[in-house]
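**Student:**
In the UniProt record's numbering, the protein residues as written are 1 to 395.
1) Which residue marks the beginning of the beta strand (DSSP E) containing residue 231, and which one marks its end?
2) Could you give the distance in angstroms between the alpha-carbon of residue 217 and the alpha-carbon of residue 92?
3) For residue 24, which of helix, strand or coil comes out of DSSP?
4) Please state whether the Cβ-Cβ distance between residue 207 and residue 314 is less than 8 Å.
5) Going by C-alpha to C-alpha distance, which of 182, 259 and 114 sits closest to residue 163?
6) Round the Cβ separation of residue 210 and residue 246 to the nearest angstrom and send it over; I've been treating them as touching at under 8 Å.
7) Where does residue 384 sit, in a helix, a strand or coil, going by DSSP?
8) Ignoring anything shorter than 4 residues, give me the alpha helix (DSSP H) runs that lie fully in the stretch 332-358, in order along the chain.
9) Residues in its own chain within less than 6 Å of residue 148 by CB, not counting five upstream and five downstream?
10) State whether the stretch 223-243 contacts the stretch 259-272, with contact taken as three or more CB pairs (one from each stretch) at a distance under 8 Å.
11) Which partner residues of residue 66 appear in the DSSP bridge assignment?
12) Please state whether DSSP places residue 147 in a helix, a strand or coil.
13) Tell me, to the nearest whole angstrom, how far the beta carbon of residue 364 is from that of residue 180; I am working on the premise that it is less than 8 Å.
14) Can you give me the start and stop residues for the beta strand (DSSP E) that residue 134 sits inside?
15) Considering only residues of the stretch 194-254, which uninterrupted beta strand (DSSP E) runs meet the minimum length of 3 residues and lie entirely inside it, listed in chain order?
16) Below 7 Å CB to CB, which residues in the same chain sit around residue 87 once its five sequence neighbours on both sides are set aside?
17) From residue 391 to residue 17, what distance separates their C-alpha atoms?
18) Under DSSP, the beta strand (DSSP E) around residue 40 begins and ends at which residues?
19) Tell me whether residue 372 is buried or exposed, calling it buried when 16 or more other Cβ atoms sit within 10 Å of its Cβ.
20) Label residue 139 either buried or exposed according to how many other C-beta atoms from any shown protein chain fall within 10 Å of its C-beta, with 16 as the threshold for buried.
21) Can you list, in chain order, the residues of its chain with a C-beta nearer than 7 Å to that of residue 75? Leave out the 5 residues immediately preceding and following it.
22) What number of angstroms, rounded off, separates the C-alpha of residue 11 from the C-alpha of residue 268?
23) Compare the C-alpha of residue 89 against each of 224, 186 and 353 and name the closest.
24) Following the continuous alpha helix (DSSP H) through residue 362, name the residue where it begins and the one where it ends.
25) Where do the ends of the beta strand (DSSP E) carrying residue 99 lie?
26) When burial is assigned at 16 or more other CB atoms within 10 Å of the CB, is residue 25 buried or exposed?
27) For residue 383, count the other beta carbons within 10 Å of its own beta carbon; 16 or more makes it buried, fewer makes it exposed. Which is it?
28) Let me check understanding here. Comparing Cα to Cα, which of 224, 331, 337 and 198 lies closest to residue 431?
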């Protein structure tokens with residue numbers, strides 16, 4: 001089966017170059033970032049939505065990165081750029097790293113507002129390594145914890161206390177630094193929004209009536225996978241004013257697990273599209289078995305397929321699809337607007353670390369937004385459909 005035809009370019013794409021031009025510039029740079037192979041995974045599943053992988057045999061955290069998209073070219077670019085992003089974070093050891101306490105730095109945020117690990121010892125008086133960062137609101141030079149940016153899975157005999165949660169949340173690439181920052185900030189908002197949903201009891205969520213979706217690529221793909229025997233659930237989970245966020249859950253009897261994806265955008269239809277494509281890619285990760293971070297739970301944890309508990313839709317698409325003014329503005333103006341929305345909510349600065357190597361035809365950055373924590377679990381499941389008991393207690 002083949003997925004629906006890709007949507008035409010429009011204001012929801014948020015890219016400054018055509019995919020063809022981006023690939024022309026990026027493809028020759030793959031060897032510099034240890035990428036030895038790019039392969040298509042689409043045909044391993046019956047859905048037909050393009051999914052690719054990029055392989056880095058010498059990766060310090062993961063050797064395989066996946067990318068998805070509405071076209072094969074978009075999925076290929078997505079996989080390659082994710083591999084480049086991870087490469088840069090694995091080797092992030094800036095010369096201007098310094099050790100201090102947050103109290104000494106007199107920061108406009110608390111270290112506890114940058115997602116701490118379980119059993120973290122972090123506090124405003126705990127000395128830890130920091131790196132310079134730029135405040136997006138006013139351009140001020142501030143600092144963020146080194147380990148909120150760096151990703152390195154290389155083990156040595158050095159003991160390190162647990163501080164902040166190291167993840168790729170807020171890590172993004174783009175054709176320009178502003179474009180990369182917009183996508184990084186949208187991902188931070190997405191993770192915060194989906195974390196709130198994951199702590200909400202199932203029957204209290206904003207479940208969308210799929211028959212009310214407008215004519216769009218996402219509706220076509222949902223109908224496509226439903227015809228292929230899938231159960232699909234869409235939950236609206238927007239949590240930051242001016243943004244639209246969704247979570248999508250997929251299940252079919254041939255594989256017992258529920259696969260999830262989330263997406264965020266300033267427009268509702270692209271947000272839903274991102275969530276849907278991520279859910280499909282999540283299933284593909286288990287079908288292919290190629291990702292380094294896959295454990296055995298997805299294969300051995302459930303022996304007997306059980307249909308997810310049915311939840312009646314509570315909202316129509318019209319209830320949640322509120323367009324946002326200014327979405328046709330330039331990337332720079334959209335970034336300023338998004339930054340203002342987040343800072344107005346958190347009363348904290350939005351911080352960026354530029355990871356772009358000199359002379360590259362693309363940009364990579366990491367965005368840290370104190371006050372917008374993400375959900376993290378020790379297990380494989382990043383976005384569980386059923387809340388953990390501890391999450392319900394915190395909600």
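In this text, a Cβ means the ideal position worked out from N, Cα and C, and glycines have one as well. A quick note: this is a predicted structure, and the numbers were derived from the prediction, not measured.
**Tutor:** By the coordinates alone:
1) 231-236
2) 38 Å
3) helix
4) yes
5) 114
6) Incorrect: roughly 12 Å between the Cβ atoms, too far for contact.
7) coil
8) none
9) 114, 164 and 368
10) yes
11) 53
12) helix
13) 6 Å
14) 128-135
15) 231-236 and 244-252
16) 33, 34 and 56
17) With a pLDDT of 49 at residue 391, under the threshold of 50, the modelled position of that residue is not reliable, and no figure is offered here.
18) 37-40
19) buried
20) exposed
21) 50, 51, 52, 67, 68 and 69
22) In this predicted model, residue 11 has a pLDDT of only 45, less than 50, meaning its place in the structure is not dependable; the value taken from the coordinates is given anyway. So the two alpha carbons sit approximately 12 Å from each other.
23) 353
24) Unbroken run through residue 362: none, as it is neither H nor E.
25) 98-100
26) exposed
27) buried
28) Coverage of the chain is limited to positions 1 through 395, which leaves residue 431 absent and any answer about it impossible.
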